[in-house]
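Asker: Just so we're aligned: 52 in our numbering is position 52 of the sequence shown, and the numbers increase by one with no gaps anywhere. Ideal placement from N, C-alpha and C gives every residue a C-beta, glycine not left out. Before we start, here is the structure in question, set down as structure tokens.
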Amino acid sequence: IGRIQPDATPASIEAEMRVALKQWLRSHWGEMSANDRAKFPEQTLFLSPGGAGITSMREQYELWLLILLMVSGVVLLIVCANVANLMLVRGMERRQQISLSMALGAQASRVVKQAVTESLVLSLLGGAAGLALAFVWTRLILHFAFPSLPGSAAVPIDASPSMPVLLFALVTSLLTGVAFSIAPAWMTTRVDPIEALRGASRSTTGAGLLPRKTLVVFQVALSLVLLSASGLLTAALQSLENQKLGFEQDQRFVANINPRLAGYGTDQLSVLYRRIHDAIARMPAVSSVALCLYSPQGRAGWGAGVWVDGHLPPGPKDDDSASWDRVTAGYFDVIGTPIIKGRGVSEQDTASSRKVAVVDETFARRFFRNEDPIGKHFGRKAGETREFEVVGVAKDARYLTTNLDQPSRPFFFLPAAQAEYTQTNLGSLFLRDIVIRTRPGADLSIAAVRQAVASVDPGMPIISIRTLREQVAGQFTQQRLIARLTSFFGVLSLVLASIGLYGVTAHNAGRRVSEIGVRMALGPNRGDVIRLVVRGAFGLILLGLLIGLPLTFAAGRFLSTQLYGMNPYNPVVILASVVALGASALVASFVPAFRASLISPLDALRAE
């Protein structure tokens with residue numbers, strides 16, 4: 001972020017910055033991987049207005065917000081189906097009135113206009129109520145998205161819906177209301193006036209129910225998609241949260257400091273780290289402590305190209321990149337990551353000893369294949385393949401904030417005491433995280449940790465202190481938010497579909513009063529009548545499920561491409577969604593079925 005001079009133009013500044021970028025990249029040519037060198041011609045930058053927002057945050061949330069928008073659209077379609085059903089019922093109930101008006105000379109277009117006007121009023125009232133709720137619900141959703149930030153001022157997004165968003169929502173409400181009322185209104189004008197005046201609305205054919213039944217089937221299919229999608233997202237989120245990350249989270253705390261902000265130079269860091277380590281290690285609740293450039297799931301990480309001694313140089317299409325971290329002695333014991341071969345970083349790794357590295361299993365497989373990596377050498381610059389000697393192999397772990405839902409990335413660890421004092425790695429010399437392991441059953445006081453750091457330097461900025469479990473949980477904010485909201489919309493769609501099914505079943509039972517009365521007079525008991533009505537409702541559910549299952553599989557495949565490790569054909573989730581729809585159908589159809597069973601044959605025939 002920068003502020004330009006009043007007489008400067010963004011275009012000229014952008015051109016200068018692009019030249020500076022190319023010069024900087026050329027100065028680091030020897031440190032680039034072959035893959036990065038191949039991308040050199042494409043490297044550029046763009047200057048954009050600060051008011052346009054933070055690009056990285058927009059890119060981070062863009063996909064999931066798009067998915068949320070699609071989910072909202074599906075719910076809107078289900079709501080519109082209910083509105084269309086409502087307009088159909090109203091039209092059917094007014095058939096005699098409409099037929100009489102048309103018999104007296106009224107035009108069909110006027111009848112349609114009247115129905116559309118009524119729908120427009122309903123849509124306007126509903127849209128206005130929705131806009132009022134938007135101001136409240138938007139803030140709640142944002143606090144779900146950023147639960148770790150205290151207070152509304154800390155939320156990095158404006159919580160008030162903008163005027164374009166409000167207008168879009170209102171216009172969408174009006175247009176969908178009108179669009180889904182035209183067809184029902186037109187259908188009411190296609191009734192034979194003579195049949196309508198005879199009261200044929202109570203005929204037993206049920207032909208007029210076909211559009212309403214079709215809408216219910218449509219609702220059931222979409223509800224199955226939403227319920228299954230929410231279940232798949234929830235299952236995938238639980239799988240991500242419960243996956244073995246390769247390090248222990250219990251009894252671990254992470255304190256984030258900033259020595260650079262405190263004014264420390266690179267020549268003062270080793271003494272500073274030792275004093276901080278000793279001050280915290282003396283605390284009664286602390287079992288062990290280590291410092292690192294970044295802790296597990298703390299940051300996106302540092303990266304470098306890898307050149308292995310004795311191997312051919314990587315080609316432009318070879319993925320020769322790896323992530324790396326600087327750590328102090330005992331780091332792997334503190335975080336609970338086992339060393340499966342060789343040793344970890346220890347006190348013997350000093351500034352004057354040979355440069356060593358500990359690699360993870362993925363690194364060993366990628367760069368050494370079937371060879372024993374212990375004793376092998378590699379480097380981060382072209383031609384410097386003997387920069388580090390591998391002394392240990394650590395078990396794979398998910399260290400980076402960017403790879404929890406992606407395959408593991410190769411990783412290597414360097415002793416903090418063997419830091420290279422070069423301009424290119426200057427930032428990596430400032431260790432930012434203190435990882436603390438507590439004794440079993442001991443309670444670590446956050447205030448005591450702050451006091452221990454302050455005893456070394458009262459001016460040392462402590463950015464945060466939290467448990468490692470809280471740090472890991474913070475990486476699932478987007479997925480958790482979308483899973484929760486999708487679950488909410490899934491339940492909402494289930495309720496809406498049940499309302500639609502209830503309306504169709506009740507209306508169908510009302511149309512068949514005389515038929516039910518005759519059946520009751522001929523001997524069938526109430527149970528038979530209930531089964532008759534419920535069977536018709538379950539027929540709609542079954543048809544909706546048959547249509548919805550292929551859509552569910554398609555939605556699952558799409559989501560699986562966006563979330564690593566998701567099973568798009570999870571049988572438990574799909575079966576649970578089907579059972580939920582079946583249970584809702586049973587409840588929605590039983591009430592009108594039970595009412596129908598209470599009909600007196602004599603009263604039914606007399607009413608007909």
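What is the DSSP secondary structure of Ala329, reduced to helix, strand or coil?
Answerer: Looking at Ala329 - three-state DSSP - the assignment turns out to be coil, as it is neither helix nor strand.
Asker: Going by Cα to Cα distance, which pick from Arg535, Gly379, Ala364 and Pro415 is closest to Lys395?
Answerer: Ala364
Asker: Taking contact to mean at least 3 C-beta pairs separated by less than 8 Å, is the region 572-588 in contact with the region 226-235?
Answerer: yes
Asker: When DSSP labels each residue in this structure, what does Ser47 get in the three-state scheme?
Answerer: According to the sequence shown, residue 47 is Leu rather than Ser. In the structure shown, Leu47 sits in coil (DSSP, three-state: anything other than H, G, I, E or B).
Asker: Less than 8 Å between the C-beta atoms of Asp433 and Val171, yes or no?
Answerer: Taking C-beta atoms as the reference points, Asp433 and Val171 fail to come closer than 8 Å.
Asker: Excluding five sequence neighbours on each side, which residues of the same chain lie with their C-beta closer than 8 Å to the C-beta of Val71?
Answerer: Leu226, Ala229, Leu485, Thr486 and Phe489
Asker: Report yes or no: do the region 257-271 and the region 533-553 share at least 3 C-beta pairs separated by less than 8 Å?
Answerer: no
Asker: Going straight from the alpha carbon of Glu387 to that of Arg354, what length do you get?
Answerer: Annotation: Glu387 to Arg354 spans about 9 Å, alpha carbon to alpha carbon.
Asker: Using the C-alpha atoms, what's the distance from Ser597 back to Gly527?
Answerer: Roughly 8 Å separates the two Cα atoms.
Asker: Per DSSP, what are the beta-bridge partners of Thr385 in this structure?
Answerer: Paired residue(s): none; Thr385 is not in a bridge.
Asker: Is Thr350 close to chain C? Criterion is C-beta to C-beta, closer than 8 Å.
Answerer: The structure shown contains no chain C; it holds only a single protein chain.
Asker: Ser323 and Gly344 - do their beta-carbons sit closer together than 8 Å?
Answerer: no
Asker: What is the C-beta distance between Leu291 and Tyr273, in whole angstroms, given that I count them as a contact (C-beta under 8 Å)?
Answerer: Between Tyr273 and Leu291 the Cβ distance is about 5 Å, and since that is below 8 Å, they are a contact.
Asker: What is the DSSP secondary structure of Leu63, reduced to helix, strand or coil?
Answerer: helix
Asker: Take the Cβ of Phe46 as the centre, count every other Cβ of all protein chains shown within 10 Å, and call the residue buried at 16 or more, exposed below.
Answerer: With a 10 Å radius around the Cβ and a threshold of 16 neighbouring Cβ atoms, Phe46 comes out exposed.
Asker: Determine contact between the region 346-362 and the region 407-420, defined as no fewer than three beta-carbon pairs at a distance below 8 Å.
Answerer: yes
Asker: Considering only residues of the same chain and omitting the five flanking positions on each side of Ile1, which have a CB-CB separation below 7 Å?
Answerer: Gly50
Asker: Beta carbon of Val271, beta carbon of Ile280: below 8 Å?
Answerer: no
Asker: Where do the ends of the alpha helix (DSSP H) carrying Thr561 lie?
Answerer: Counting along the chain, the unbroken alpha helix (DSSP H) around Thr561 starts and ends at Arg526 to Gln562.
Asker: What does a CB cutoff of less than 6 Å around Gln297 pick up in its chain, not counting 5 residues either side in sequence?
Answerer: Thr401, Gln471, Val472 and Gln475
Asker: Using the beta-carbon count (16 or more within 10 Å), is Ala128 buried or exposed?
Answerer: exposed
Asker: Count the other CB atoms within 10 Å of the CB of Asp7; is the residue buried (16 or more) or exposed (fewer)?
Answerer: A residue is called buried when at least 16 other Cβ atoms come within 10 angstroms of its Cβ; Asp7 does not meet this threshold and is exposed.
Asker: Hey, how far is the Cα of Ala370 from the Cα of Ala483?
Answerer: This sequence places Asn at residue 370; Ala is not what is there. Computed Cα separation, rounded: 41 Å.
Asker: Given Phe553, which residues of its chain have a CB within under 8 Å of its CB, disregarding the five upstream and five downstream residues?
Answerer: Pro568 and Tyr569
Asker: Is the beta carbon of Gly548 less than 8 Å from the beta carbon of Val111?
Answerer: Taking 8 Å as the Cβ cut-off, Gly548 and Val111 do not qualify as a contacting pair.
Asker: I need the boundaries of the alpha helix (DSSP H) containing Asp278, first residue and last residue.
Answerer: Leu269 to Ala281
Asker: Just to confirm my understanding: we take Ile4, look at its own chain, exclude 5 residues before and 5 after, and list those with CB closer than 8 Å. What are they?
Answerer: Pro10 and Ile13
Asker: Along the chain, which unbroken stretches of the alpha helix (DSSP H) at least 4 residues long are found entirely within the region 445-512?
Answerer: 446-456, 468-473 and 477-511
Asker: Of all the options Ile436, Ile182 and Leu222, which has the alpha carbon lying nearest to the alpha carbon of Val75?
Answerer: For Val75, the nearest C-alpha among the options comes from Leu222.
Asker: Buried or exposed, going by whether 16 or more other CB atoms sit within 10 Å of the CB of Arg282?
Answerer: exposed
Asker: Could you spell out the range, first to last residue, of the beta strand (DSSP E) harbouring Phe368?
Answerer: Element bounds for Phe368: not the beta strand (DSSP E) but the alpha helix (DSSP H), Glu361 to Phe368.
Asker: Measuring straight from C-alpha to C-alpha, what distance separates Ile499 and Val289?
Answerer: 59 Å
Asker: Per DSSP, what are the beta-bridge partners of His311 in this structure?
Answerer: DSSP lists no partner for His311.
Asker: Label Ala447 either buried or exposed according to how many other C-beta atoms from any shown protein chain fall within 10 Å of its C-beta, with 16 as the threshold for buried.
Answerer: With a 10 Å radius around the Cβ and a threshold of 16 neighbouring Cβ atoms, Ala447 comes out exposed.
Asker: At the level of alpha carbons, what is the spacing between Val588 and Phe594?
Answerer: Sequence inspection shows Ala at residue 588; the Val mentioned does not correspond to that position. Spanning the two alpha carbons is a distance of roughly 11 Å.
Asker: Going by DSSP, what residue range makes up the beta strand (DSSP E) through Gly582?
Answerer: First-last for Gly582: Pro571 to Ser597, but that is the alpha helix (DSSP H), not the beta strand (DSSP E).
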